Amino acid sequence: MSTRRVVIRGTIALGALTAVLLATGTLQDTLREVTLPLRHEDIIRQQAAEKEVPADLIAAVIYAESRFRDQTSHAGARGLMQITPRTAKLIEGLSGGSTFTAEDLSDPDINIRYGTYYLRYLTEKFDGNRIAALAAYNAGETNVAAWGGSDLSLDDIEFDETRDYVDSVLEKQDDYADHYSEELGLD
């Protein structure tokens, strides 16, 4: 058989396989998992219900912070929701905890619990303003207070990185709601 026929047959076979995968949703699911991963949805759902924070928002923050990978930043922020030990100590104090260690932040359950608690705290502090809460999660409460606090809009954010972060989280929140509503308990 000639090389040309092998290439043609291979191309046809690959096209047929791609069509089958697309028809069954397997390729779409695989692409979605690569471009918009979701892990620990059971913890996310539980924390969303317990702390009254939208599950799609929690997933979007995790995506923006770590792409669902446990890691430590150059600034010392740890885990899926990239919490610094200093912020974790604040959360521990606010929540009445007393046994926190820095190593706890690599535990997905504790990290998502702390990060969700902090999102709830910031949302309440800034009177339900999601933009202000997300900006504070990224750039700190002091900066958000200086930029307008509870009245903060996206255009008021003075740091390009923080403005892009907030915009990205809000966009990903919509993506998680669209693509993972069942997994996140949004139905």
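Sequential numbering of the sequence shown, starting at 153, is according to our numbering.
Don't be surprised by glycine CBs; every beta carbon is placed ideally from N, CA and C.
Please read all numbers here as calculations on a predicted model, not as lab measurements.
Contact between the stretch 280 to 288 and the stretch 304 to 314 is present: 3 or more CB-CB pairs across the two stretches fall below 8 Å. Per DSSP, reduced to three states, the secondary structure at ILE309 is coil, with no helix or strand assignment. The count of Cβ pairs closer than 8 Å, one atom from the stretch 194 to 206 and one from the stretch 234 to 250, stays below three, leaving the stretches out of contact. In the DSSP assignment, ASN281 falls outside any alpha helix (DSSP H) and carries neither an H nor an E. For the options ASP279, GLY248, PRO260, the alpha carbon positioned closest to that of ALA211 is the one of PRO260. TRP299 is positioned such that its CB atom lies closer than 8 Å to that of ASP308. Taking a contact as a CB-CB distance under 8 Å, the pair GLY231 and LEU257 counts as one, their CB atoms being some 4 Å apart. Beta-bridge analysis with DSSP links ARG191 to no other residue. Only residues of its own chain outside the window of five on either side were considered, and among them ALA216 have a CB closer than 7 Å to the CB of SER320, listed in chain order. Out of ASP222, PHE278, ALA297, THR314, the CA that lies nearest to the CA of ILE262 is found in ASP222. In the structure shown, ARG230 falls within a strand segment according to DSSP collapsed to helix, strand and coil.
Contact between THR314 and ALA291 holds: their C-beta atoms lie close to 4 Å from each other, under 8 Å.
Measuring C-alpha to C-alpha distances from LEU209 to each of TYR332, LEU322, THR163, GLY337 identifies LEU322 as the nearest. Between ARG265 and GLN325, the gap from beta carbon to beta carbon reaches 8 Å or more. The Cβ atoms of LEU271 and VAL318 do not sit closer than 8 Å to each other. Excluding residues up to 5 positions away in sequence, ALA207, ILE210, ALA211, ILE264, LEU336 lie with their Cβ nearer than 7 Å to the Cβ of ILE196 in the same chain.
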